[in-house]
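Some notes on the structure that comes next.
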Amino acid sequence: RPAIVWFRRDLRLADNPALVEAAASGQPLIPLFIDETGVPEGEADGGATRWWLHHSLLSLGRDLAARGVPLLLRRGEPLAVLEALVAATGATRVLWNRRYTPRGVVQDTTIKAALTRHGIEVRSFKAGLLFEPWEIATRSGTPFRVFTPFWRSCLAAPPPDRPLPPPAALRPCESVPPGDDLGSWRLLPTAPDWAGGLNADWQPGEAGAEARLQIFLDQRLKAYAVARDLPGQAGTSRLSPHLAFGEISPRRAFHAARDAAGSGNGLDRFLAELGWREFCAHLLFTVPDLPEQPLRGEFAAFPWRDDPELLVAWQRGRTGFPLVDAGMRELWTTGWMHNRVRMVVASFLVKDLLLSWRLGADWFRDTLVDADLASNVASWQWVAGCGADAAPFFRIFNPTLQGEKFDPDGRYVRRWCPELAGLPDRWLHQPGRASDIILRQAGVSLGRSYPHPIVDHDVARRRALAAMENCHGGE
Ligand code: FAD
Numbered sequence: 003r004p005a006i007v008w009f010r011r012d013l014r015l016a017d018n019p020a021l022v023e024a025a026a027s028g029q030p031l032i033p034l035f036i037d038e039t040g041v042p043e044g045e046a047d048g049g050a051t052r053w054w055l056h057h058s059l060l061s062l063g064r065d066l067a068a069r070g071v072p073l074l075l076r077r078g079e080p081l082a083v084l085e086a087l088v089a090a091t092g093a094t095r096v097l098w099n100r101r102y103t104p105r106g107v108v109q110d111t112t113i114k115a116a117l118t119r120h121g122i123e124v125r126s127f128k129a130g131l132l133f134e135p136w137e138i139a140t141r142s143g144t145p146f147r148v149f150t151p152f153w154r155s156c157l158a159a160p161p162p163d164r165p166l167p168p169p170a171a172l173r174p175c176e177s178v179p180p181g182d183d184l185g186s187w188r189l190l191p192t193a194p195d196w197a198g199g200l201n202a203d204w205q206p207g208e209a210g211a212e213a214r215l216q217i218f219l220d221q222r223l224k225a226y227a228v229a230r231d232l233p234g235q236a237g238t239s240r241l242s243p244h245l246a247f248g249e250i251s252p253r254r255a256f257h258a259a260r261d262a263a264g265s266g267n268g269l270d271r272f273l274a275e276l277g278w279r280e281f282c283a284h285l286l287f288t289v290p291d292l293p294e295q296p297l298r299g300e301f302a303a304f305p306w307r308d309d310p311e312l313l314v315a316w317q318r319g320r321t322g323f324p325l326v327d328a329g330m331r332e333l334w335t336t337g338w339m340h341n342r343v344r345m346v347v348a349s350f351l352v353k354d355l356l357l358s359w360r361l362g363a364d365w366f367r368d369t370l371v372d373a374d375l376a377s378n379v380a381s382w383q384w385v386a387g388c389g390a391d392a393a394p395f396f397r398i399f400n401p402t403l404q405g406e407k408f409d410p411d412g413r414y415v416r417r418w419c420p421e422l423a424g425l426p427d428r429w430l431h432q433p434g435r436a437s438d439i440i441l442r443q444a445g446v447s448l449g450r451s452y453p454h455p456i457v458d459h460d461v462a463r464r465r466a467l468a469a470m471e472n473c474h475g476g477e
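Using full-length UniProt numbering, read the sequence shown as starting at 3 and increasing by one per residue.
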């Protein structure tokens, strides 16, 4: 009698404990992916996620088929899908790797209880995080709210297990009712097809993830501590979408980096970034209303503005601030944005435009290939100053200075704002300050080929500080 392995955000064969357990049992295997219906608006898959999911499922399906077990696709409400499949196949066990989002936890608990009542054995495994959220706590047993002691405590705990190899053999189940055709889910964009840039940049799936990891270990890890902050250089791993879809496990990334580097600043920094991913998951697990509510209650009454035109200018990279525009265009074209620039564009939305962090998080959810509920909302709240261990609200990024510091040779801005490419480095990050002659020589016509700044940063900064002061008497 078969076992069902329910794949979710763990679309891989390597280091997949649920799959390894199913293989070890010798039971015939039904690998299943459910396209869930009824997901609430704020957690629904965005366009970029759907594009990635399509390709990742194709890749997983190919890898499983090569081992003789086809991936079964079903759309519907998960418990109903599982119950129907159990009834049709006589499956005795359902195995999965754990989810940690509040809705995922509630859903898994309910499904486990219902299936157990039907006499089905349900087993769940740790695979998506290095540490379970309940394994790491302060001395008094409360969850951490500050990153540094959290990560110190993680590093003091027994190290994460080494990753498991993919199972050697899988036994197919002979009598599986037909599933959906992936095409019928319509995950890919059609008119217009905006996915050209995504296709050019990414290879969704386990093989693509492993290739990214190797490039990172061979070429980038050593210099990572410095290069990670420079958006004009390929200094980071770009593993984020692969980690978000579980095409590579955090244990694999953690141990591979340690094995490759032994020690050093680059290694420590990289592991700490994996630590931030853990911290965000830990935070969302322990603060389930994080996506809706600022962690710091005094921000609940913040006087956000409502200005759809400013929002669109930000979304489309037409703010007149080159680093912000470059970042938003990189995101729109490739589904990814460099972390330094994510911080700058987020600060700009929240503090310069006074638009709510929730609007920013929503746009990121729709456009990022690595969109992840925990990392996204925790990072937005961090930038907005209302989250855990957050940058204080009064520390407001100056987008021009950030550009000059982190993109000094303008490579990043020139790539994404080619209409500014002819400007000398000195004026690239503040075209409004260049003389008419310089602008003309560079072929830049402000207000026509490139927008005037949509706000005066100094005025906006003072306005943001005053809004904060009125909201809760300052910091
Ligand atoms: P690397 O520098 O190579 O880091 C390795 C891995 O560590 C990443 O793949 C990622 O999984 C993790 N990581 C790195 N930095 C962070 C961080 N600050 N917080 C949490 N995890 C981190 N990351 C997401 O994965 N999904 C999101 O939806 C997301 N939204 C963000 C929103 C804002 C406003 C900001 C400021 C950051 C956000 N991040 C998010 C975090 C970070 O920007 C990306 O993880 C990182 O840029 C991915 O690039 P990389 O894989 O090359 O990272």
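Yeah, the Cβ is synthetic: ideal placement off N, Cα and C, and Gly gets one too.
In this text the structure is predicted, and so the values were computed from the model without any measurement.
According to the Cβ coordinates, are residue i and residue j closer than 8 Å?
{"i": "Ser177", "j": "Thr91", "result": "yes"}
{"i": "Leu74", "j": "Gly185", "result": "no"}
{"i": "Phe287", "j": "Phe152", "result": "no"}
{"i": "Leu312", "j": "Leu285", "result": "no"}
{"i": "Ser251", "j": "Pro135", "result": "no"}
{"i": "Phe127", "j": "Leu62", "result": "no"}
{"i": "Val347", "j": "Gly322", "result": "no"}
{"i": "Pro296", "j": "Gln383", "result": "yes"}
{"i": "Leu31", "j": "Ala5", "result": "yes"}
{"i": "Lys114", "j": "Val124", "result": "yes"}
{"i": "Leu190", "j": "Ala197", "result": "yes"}
{"i": "Leu97", "j": "Glu23", "result": "yes"}
{"i": "Asp449", "j": "Gly424", "result": "Inspection of the sequence shows that residue 449 is occupied by Gly rather than by Asp. No. Outside cutoff."}
{"i": "Arg214", "j": "His244", "result": "yes"}
{"i": "Val343", "j": "Leu361", "result": "no"}
{"i": "residue 479", "j": "Pro162", "result": "Nothing in the structure corresponds to residue 479, since the chain is present only between 3 and 477."}
{"i": "Glu421", "j": "Ser451", "result": "yes"}
{"i": "Ala16", "j": "Pro160", "result": "no"}
{"i": "Arg331", "j": "Trp418", "result": "yes"}
{"i": "Arg271", "j": "Arg230", "result": "yes"}
{"i": "Ala459", "j": "Pro401", "result": "Reading the sequence as shown, one finds His at residue 459 and not Ala. Result yes, Cβ atoms of His459 and Pro401 sit closer than 8 Å."}
{"i": "Leu34", "j": "Leu87", "result": "yes"}
{"i": "Arg119", "j": "Asp110", "result": "no"}
{"i": "Trp187", "j": "Arg76", "result": "no"}
Just checking my contact of residue i with residue j at CB under 8 Å: how many whole Å lie between their CB atoms?
{"i": "Thr336", "j": "Gly199", "result": "5 Å"}
{"i": "Leu357", "j": "Arg307", "result": "6 Å"}
{"i": "Gly130", "j": "Gly44", "result": "About 20 Å separates the two Cβ atoms, so there is no contact after all."}
{"i": "Leu273", "j": "Ala259", "result": "7 Å"}
{"i": "Phe396", "j": "Leu467", "result": "6 Å"}
{"i": "Ala262", "j": "Leu219", "result": "4 Å"}
Reducing DSSP to helix, strand and coil, say where residue i ends up.
{"i": "Val96", "result": "strand"}
{"i": "Ser437", "result": "coil"}
{"i": "Glu38", "result": "strand"}
{"i": "Arg214", "result": "helix"}
{"i": "Pro33", "result": "strand"}
{"i": "Trp136", "result": "coil"}
{"i": "Gly476", "result": "Model confidence at Gly476 stands at a pLDDT of 45, short of 50, so the residue's coordinates are unreliable; what they give is reported in the following sentence. Reduced to three states, the DSSP call for Gly476 is coil."}
{"i": "Tyr414", "result": "helix"}
{"i": "Tyr452", "result": "strand"}
{"i": "Ser61", "result": "helix"}
{"i": "Ile6", "result": "strand"}
{"i": "Gly78", "result": "strand"}
{"i": "Pro305", "result": "coil"}
{"i": "Pro426", "result": "coil"}
{"i": "Ser251", "result": "coil"}
Just the C-alpha distance for residue i and residue j, rounded to the nearest angstrom, thanks.
{"i": "Leu36", "j": "Pro80", "result": "Residue identity check: residue 36 is Ile in the sequence provided, not Leu. In a straight line, the C-alpha of Ile36 is about 7 Å away from that of Pro80."}
{"i": "Arg147", "j": "Gly405", "result": "31 Å"}
{"i": "Phe350", "j": "Arg253", "result": "35 Å"}
{"i": "Ser155", "j": "Pro310", "result": "43 Å"}
{"i": "Gly389", "j": "Gly70", "result": "47 Å"}
{"i": "Pro42", "j": "Leu370", "result": "18 Å"}
{"i": "Asp438", "j": "Val457", "result": "21 Å"}
{"i": "Trp278", "j": "Ser239", "result": "15 Å"}
{"i": "Val289", "j": "Val352", "result": "22 Å"}
{"i": "Trp429", "j": "Pro455", "result": "14 Å"}
{"i": "Phe149", "j": "Val7", "result": "34 Å"}
{"i": "Pro394", "j": "Met470", "result": "11 Å"}
{"i": "residue 488", "j": "Ile440", "result": "Here the chain has residues from 3 to 477 only, and residue 488 is not among them."}
{"i": "Ala50", "j": "Gln317", "result": "15 Å"}
{"i": "Thr140", "j": "Ala171", "result": "42 Å"}
{"i": "Pro19", "j": "Ala26", "result": "10 Å"}
{"i": "Val415", "j": "Pro179", "result": "53 Å"}
{"i": "Gln47", "j": "Pro145", "result": "It should be pointed out that residue 47 corresponds to Asp in this sequence rather than to Gln. The alpha-carbon atoms of Asp47 and Pro145 are separated by roughly 28 Å."}
{"i": "Arg464", "j": "Ile398", "result": "10 Å"}
Report whether the distance from the Cβ of residue i to the nearest heavy atom of the ligand MN is below 7 Å.
{"i": "Val385", "result": "The ligand MN is absent from the structure shown, which contains only the ligand FAD."}
- Query: Do the stretch 423 to 439 and the stretch 359 to 379 meet, that is, are 3 or more Cβ pairs less than 8 Å apart?
  - Reply: no
- Take every Cβ of the stretch 264 to 274, pair it with every Cβ of the stretch 364 to 374, and state whether three or more of those distances are shorter than 8 Å. no
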